[in-house]
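Colleague:
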Ligand SMILES: *[C@@H]1O[C@H](CO)[C@@H](O)[C@H](O)[C@H]1NC(C)=O
Ligand SMILES: *[C@@H]1O[C@H](CO)[C@@H](O)[C@H](O)[C@H]1NC(C)=O
């Protein structure tokens, strides 16, 4: 027979568990690196809906994620104690599920509207932000305007943009329209100025903690090695693009934070997070960072990952799952740095610090 005080303690513990279950909401914007399956609901060729995508996901089935298993948003959701965010277009995203957050990302998109035009029907960033506004109206109807605002203000947000503005725009074809319009440094200044507007709009919409990833080492992905490399060295041109883009992104983040007077935007140095295992894969337990697990041709870097592609038996040994996207294991290394990285990786602070700070306020 429990004494009343033990019972009280149990109730208290249960109460705190219930409170914890209502973890902060999480919203995701961007491209295929963070798409949880929106494109499966669209008429587009930019989709991951075939075997062997998802081969290591708990269901062992494709989910629309460009990964063999979990992607970066999934692992962040796990870190904050939430279920994965549902794609905004999923019919399951209704009722209480809305309170977990939502994933608005869409493979193929970029900062610019003309990025990824070959994929036809994808959710461009302006539309993702419009859906975020729509989402807020739906949540307001559910829990009231004030609570909805609190949920959005208290949420964690992730945005991943920019890579496609190079690989699926400026460098998509030789003599692309954008490359005839701008020398590379001017193009970067232009897309960064557009990105600044997107981030400012997110703030207007209530975002208060936003992880902003830079681009990874674009020139080192298996697709670029296959197209542009002679001896397996990273493509100089795409590395130059990433090298121009990332520092300027940090500058606009600093300038926005200064303007707002608060550390709303956090720069995630994905370039450095990738370079650690790209330059020394063995140190991280990978057999290679040059060859994709799933693909065909040199470095398995040509075309898409399909049921007919080469497929490695152990995905954990490969840094790249397909010609463009990291494996789940590489995603785990990246999210570990997001959580606990030093200021070189996470500026001005890592996610553990954010979670600790925000739980006190
Ligand atoms: C992209 O398209 C949206 C919607 O049509 C428009 O509001 C926005 O200004 C466009 N962005 C650029 C950079 O042209
Ligand atoms: C997270 O960032 C804080 C502040 O920069 C730092 O003190 C801490 O060591 C980092 N966390 C870990 C686990 O490294």
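Numbering (mature numbering (1 follows the signal peptide of the UniProt record, and there is no 0)), first residue to last: -23 to -1, 1 to 338. By construction, the Cβ of each residue, glycine as well, lies at the ideal position given by its N, Cα and C atoms. Predicted, not measured: the structure shown is a model, and the values here were computed from it.
What residue from 143, 261 and 158 has the CA that sits closest to residue 219's CA?
Modeller: Within the chain shown, residue 219 is the residue found at index 242, counting from 1. Among 143, 261 and 158, the Cα nearest to that of residue 219 is on 143.
Colleague: Let me check you understand the geometry: is the CB of residue 145 closer than 7 angstroms to at least one non-hydrogen atom of ligand 1?
Modeller: On the chain shown, position 168 is the one that residue 145 refers to. Residue 145 Cβ: outside cutoff for every heavy atom of ligand 1.
Colleague: What distance in whole Å lies between the Cβ atoms of residue 192 and residue 247, which are believed to be in contact at a cut-off of 8 angstroms?
Modeller: Locating residue 247 in the chain shown gives position 270, where the first residue counts as 1. Locating residue 192 in the chain shown gives position 215, where the first residue counts as 1. Yes, they are in contact, since the Cβ atoms of residue 247 and residue 192 sit about 7 angstroms apart, within 8 angstroms.
Colleague: Should the stretch 247 to 262 be called in touch with the stretch 178 to 198, which here means at least 3 C-beta pairs below 8 angstroms?
Modeller: yes
Colleague: Quick check on the burial criterion: 16 or more other C-beta atoms within 10 angstroms. Buried or exposed for residue 97?
Modeller: As a working note, residue 97 is residue 120 in the chain shown. The residue in question, residue 97, is exposed, as its Cβ has fewer than 16 Cβ neighbours within 10 Å.
Colleague: Excluding the five sequence neighbours on either side, which residues of its own chain have a C-beta within less than 6 angstroms of the C-beta of residue 243, listed in chain order?
Modeller: Taking the first residue of the chain shown as 1, we reach residue 243 at position 266. Around residue 243: 188.
Colleague: Less than 6 angstroms between C-beta atoms, sequence neighbours within five positions excluded: which residues of the same chain meet that for residue 279?
Modeller: Along the chain shown, read from residue 1 onward, the residue named residue 279 stands at position 302. Hits under 6 angstroms: 203 and 273.
Colleague: Thinking just about the alpha-carbon of each residue, which of 76, 82, 78 and 68 is nearest to the one in residue 42?
Modeller: Counted from its first residue, the chain shown places residue 42 at position 65. Among 76, 82, 78 and 68, the Cα nearest to that of residue 42 belongs to 82.
Colleague: Which residues have a Cβ closer than 7 angstroms to any heavy atom of ligand 1, listed in chain order?
Modeller: 89, 90, 101, 103 and 171
Colleague: Can you tell me whether residue 354 is helix, strand or coil according to DSSP?
Modeller: It is not possible to answer for residue 354, since the shown part of the chain is limited to -23 through 338.
Colleague: Can you have a look at residue 174 and say buried or exposed, based on whether 16 or more other CB atoms are within 10 angstroms of its CB?
Modeller: Here the question's residue 174 lines up with position 197 in the chain shown. Residue 174 comes out exposed.
Colleague: Have a look at residue 72 and residue 119 and give me their C-alpha separation to the nearest angstrom.
Modeller: Within the chain shown, the letter at position 95 stands for residue 72. Within the chain shown, the letter at position 142 stands for residue 119. In a straight line, the C-alpha of residue 72 is about 7 angstroms away from that of residue 119.
Colleague: My output table needs one value for residue 283: the three-state DSSP class, helix, strand or coil.
Modeller: Translated into the one-based positions of the chain shown, residue 283 becomes position 306. When secondary structure is reduced to three states using DSSP, residue 283 falls in the coil class, being assigned neither helix nor strand.
Colleague: Would residue 268 be called buried (16 or more neighbouring beta carbons within 10 Å of its own) or exposed?
Modeller: Position 291 of the chain shown holds residue 268. Buried.
Colleague: Using a Cβ-Cβ cut-off of 7 angstroms (strictly less than) and excluding sequence neighbours within five positions of residue 27, which residues of its own chain qualify?
Modeller: As a working mapping, residue 27 is identified with position 50 in the chain shown. Around residue 27: 39, 283 and 284.
Colleague: Let me check one thing: in DSSP terms, what residues is residue 324 bridge-paired to?
Modeller: Stepping through the chain shown from its first residue, residue 324 is reached at position 347. Paired residue(s): 244.
Colleague: Figure out for me which residue from 18, 299 and 312 has the closest Cα to the Cα of residue 250.
Modeller: Walking along the chain shown from the start, residue 250 turns up at place 273. Of all alpha-carbon atoms in 18, 299 and 312, the one lying nearest the alpha-carbon of residue 250 is that of 312.
Colleague: In chain order, what residues of the same chain have a beta carbon less than 6 angstroms from the beta carbon of residue 116, not counting five sequence neighbours either side?
Modeller: As a position in the chain shown, residue 116 is number 139, starting the count at 1. Here the set comprises 75 and 125.
Colleague: Within the stretch 166 to 249, note down every full alpha helix (DSSP H) run reaching 4 residues or more, in order along the chain.
Modeller: 199 to 205 and 213 to 237
Colleague: Measure from the alpha carbon of residue 162 to the alpha carbon of each residue in 205, 129, 216 and 178, then state which is nearest.
Modeller: Translated into the one-based positions of the chain shown, residue 162 becomes position 185. Residue 162 has its Cα closest to that of 216, out of 205, 129, 216 and 178.
Colleague: Going by alpha carbons, who is nearest to residue 94 out of 133, 131, 149 and 295?
Modeller: The residue you call residue 94 lines up with position 117 of the chain shown. Of the candidates 133, 131, 149 and 295, the one whose C-alpha sits nearest the C-alpha of residue 94 is 149.
Colleague: DSSP three-state call for residue 86: helix, strand or coil?
Modeller: Reading the chain shown from its first residue, position 109 is the one you call residue 86. Coil.
Colleague: From residue 18 to residue 78, what does the alpha carbon distance come to, in whole angstroms?
Modeller: Here residue 18 refers to the residue found at position 41 when the chain shown is read from its first residue. Here residue 78 refers to the residue found at position 101 when the chain shown is read from its first residue. So the alpha carbons of these two residues sit roughly 19 angstroms apart.
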